[in-house]
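Asks: Going by the numbering used here, the first residue of the sequence shown is number 11, and it counts up by one from there.
After the structure tokens below, expect a handful of questions from me.
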Amino acid sequence: MPTATTAPPKAENPDVLARREVTRVLRGPVADKFKSLIPPLANQADAYKTVMESPELLDACFKLFRLKRSLFAEFLVDPADNPVAEDTVRLKCGRSVDEVIGMVVRTGMRSYAELFFGDPNAVPKDKPVPKAVPRPASKGRFKLIDTIKLAALFRRNYGSDRALPKGQTNSGRFYASIKDALDFEWQVHFFPIYVQIPAQVFERLGIGITRMDTEERIQRLGQLAISDISKAEQVLHSPELFREMIDYNVLASPTVSELGQSGFENVHGALEHLDAKKKWDVLANRETALKLHDDKRITKQDIAVLAEYLDILNEFALDAIFDLKLNRDQMQMFIKTAEENLGPKLFLAMFGPIQNVMPDDHDEQQKLRRYQSFTQSALRSLVSAVKQLEDNLRKSGNEGAMVECLATVCRSRRPDLEKEIKKLVPEWVAV
11 MPTATTAPPK AENPDVLARR EVTRVLRGPV ADKFKSLIPP LANQADAYKT VMESPELLDA
71 CFKLFRLKRS LFAEFLVDPA DNPVAEDTVR LKCGRSVDEV IGMVVRTGMR SYAELFFGDP
131 NAVPKDKPVP KAVPRPASKG RFKLIDTIKL AALFRRNYGS DRALPKGQTN SGRFYASIKD
191 ALDFEWQVHF FPIYVQIPAQ VFERLGIGIT RMDTEERIQR LGQLAISDIS KAEQVLHSPE
251 LFREMIDYNV LASPTVSELG QSGFENVHGA LEHLDAKKKW DVLANRETAL KLHDDKRITK
311 QDIAVLAEYL DILNEFALDA IFDLKLNRDQ MQMFIKTAEE NLGPKLFLAM FGPIQNVMPD
371 DHDEQQKLRR YQSFTQSALR SLVSAVKQLE DNLRKSGNEG AMVECLATVC RSRRPDLEKE
431 IKKLVPEWVA V
């Protein structure tokens, strides 16, 4: 008689095994390593849990890893125990550094959301939904944003969350709405802001929110009305183009709305050779982008020539280029010359975007206004000096090129400008 054979055990999903191994390594040896390196973790019974519930500690761990990568060399090896230097290369644990970071960011967000909303991410089977007992969230280390005011701003402009569906928790709804939009370690800094934003906004905008990488950009996003985004969707008249705008820079919405269909087609047509991110960053630079259509001196060919700088060029700098009557061969050279001879920080201060989000603190507002007034005045003075130098050279019989005049003026003024900018720039303004 034939004997019964035992069916071979079903092979486990490799993806599940890899996630399980990553979690084991993080909870065990990696957590122990951080306990030995970060004093506040030394006496914690569960260092992993402590870190995951604290954006400040999680951010500190990421920074330590980047600063002292060699201390984690034992974990940064491939399946053959060879050292791995690239963040995209698969490690022995079954994931790359980039993939592990994404997993950690999502886990940290889930833990922090549970703490903030006061209920678990998932309801245990056969048990009622526990009553939420929210705890005060960390305010984060924000220089520009008041998280409570920002929460009110989002609710006013985007609406509050709908009633919680049966069998779902607040943290579960929130985490489900954001998890697919989290990938990068810098996003940890913004956890205390993310939890203030209604889940329905994440459901609509997704990475449109989590790609906002500065406080100023998130504040601008909060100030947008949902009507701005909806009107932009009508102007674009293409689901694919609308999704592209949301994913790369939703802050382009007011520009698109104001340009209207013909204006958008004009500007967008001149930018089509750019990669998607650069293109939408140009359109998010609102005053400059609107000027590209409204200023009749500016042609599509001019836009194409200047395209690489239009995401940062402020409207006054754009004005200066056309006031000086530069031809297309001179335009890009003019900007490059200014950048090279002023240096990147001073160039950005004078030619770059003008911050239009004001801090709540009155003294900080005054600081920002003084700084902006100085940089705009310095730009006007620089352009006047270039014009005057060129006129003087022409009158004396020397045909001085405009670009050479600019280089001379920039080099002569740079030391004094740098000294003044250093005194005036608010510490939270990026230059």
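In this text, a Cβ means the ideal position worked out from N, Cα and C, and glycines have one as well.
How many Å lie between GLU226 and ASN92 at the Cα?
Replies: 43 Å
Asks: If we ignore side chains and look at the alpha-carbon of each, how far apart do LYS287 and PHE252 end up?
Replies: Cα-Cα distance, rounded: 13 Å.
Asks: DSSP on VAL87, reduced to helix/strand/coil?
Replies: strand
Asks: Quick one: which unbroken alpha helix (DSSP H) runs of 4-plus residues sit fully inside the segment 52-78? Chain order, please.
Replies: 57-62 and 65-77
Asks: What does a CB cutoff of less than 7 Å around GLN197 pick up in its chain, not counting 5 residues either side in sequence?
Replies: Leaving aside the five residues that flank GLN197 on each side, the residues in its chain whose CB is nearer than 7 Å to its CB run, in chain order, VAL115 and THR220.
Asks: Span of the alpha helix (DSSP H) holding PRO264?
Replies: 263-281
Asks: Would you report the Cα separation of LEU328 and HIS303, rounded to the nearest angstrom?
Replies: In a straight line, the C-alpha of LEU328 is about 12 Å away from that of HIS303.
Asks: Is the Cβ of VAL35 closer than 8 Å to any Cβ of chain D?
Replies: The structure shown has no chain D; it contains just one protein chain.
Asks: What runs of the alpha helix (DSSP H), each 4 residues or longer, lie entirely inside the segment 171-228?
Replies: 180-188, 201-204, 209-215 and 217-220
Asks: Just tell me which of SER240, TYR381 and PHE184 has its CA closest to the CA of VAL435.
Replies: Closest option to VAL435, Cα to Cα, is TYR381.
Asks: Within 10 Å of its beta-carbon, does ASN337 have 16 or more other beta-carbons around it, so buried, or fewer, so exposed?
Replies: exposed
Asks: Go ahead and label MET368 buried or exposed: buried means 16 or more other beta carbons lie within 10 angstroms of its beta carbon, across all protein chains shown.
Replies: exposed
Asks: Hey, LEU358 and ILE331: beta-carbon distance below 8 Å or not?
Replies: No, they are not a contact pair.
Asks: What is the rounded straight-line gap between the Cα of GLU195 and the Cα of LYS405?
Replies: 58 Å
Asks: Quick one: what's PRO93 bridged to in DSSP?
Replies: In the DSSP assignment, PRO93 is bridged to VAL87.
Asks: Count the other CB atoms, across all protein chains shown, that sit within 10 Å of the CB of THR385; report buried if there are 16 or more and exposed otherwise.
Replies: Burial call: buried.
Asks: When the Cα atoms are used, what is the spatial distance from ILE236 to GLU414?
Replies: 48 Å
Asks: Would you report the Cα separation of MET62 and GLN340, rounded to the nearest angstrom?
Replies: 53 Å
Asks: Classify GLU124 as buried or exposed, calling it buried when 16 or more other Cβ atoms lie within 10 Å of its own Cβ.
Replies: buried
Asks: In the DSSP output, which residue or residues are listed as bridge partners for SER106?
Replies: ARG100
Asks: Suppose you measure from the CA of LYS141 to the CA of GLU96; what does that come to, to the nearest Å?
Replies: 45 Å
Asks: Buried or exposed for ILE158, going by 16 or more other Cβ atoms inside 10 Å?
Replies: Result: exposed.
Asks: Is it buried or exposed, ALA317, if we count other Cβ atoms within 10 angstroms and call 16 or more buried?
Replies: buried
Asks: Drop a sphere of 10 angstroms on the beta-carbon of ARG296, count the other beta-carbons inside from all chains shown, and report buried for 16 or more, exposed for fewer.
Replies: buried
Asks: Just to check my reading of the structure: LEU320 and THR298 have Cβ atoms closer than 8 Å, yes? What is that Cβ distance to the nearest angstrom?
Replies: LEU320 to THR298, Cβ: 6 Å. Contact.
Asks: What residue does the alpha helix (DSSP H) around GLN342 start on, and which one ends it?
Replies: 338-352
Asks: Rounding to the nearest angstrom, what Cα-Cα distance links GLU325 and GLY38 in this structure?
Replies: Looking at the two C-alpha atoms, the distance is approximately 54 Å.
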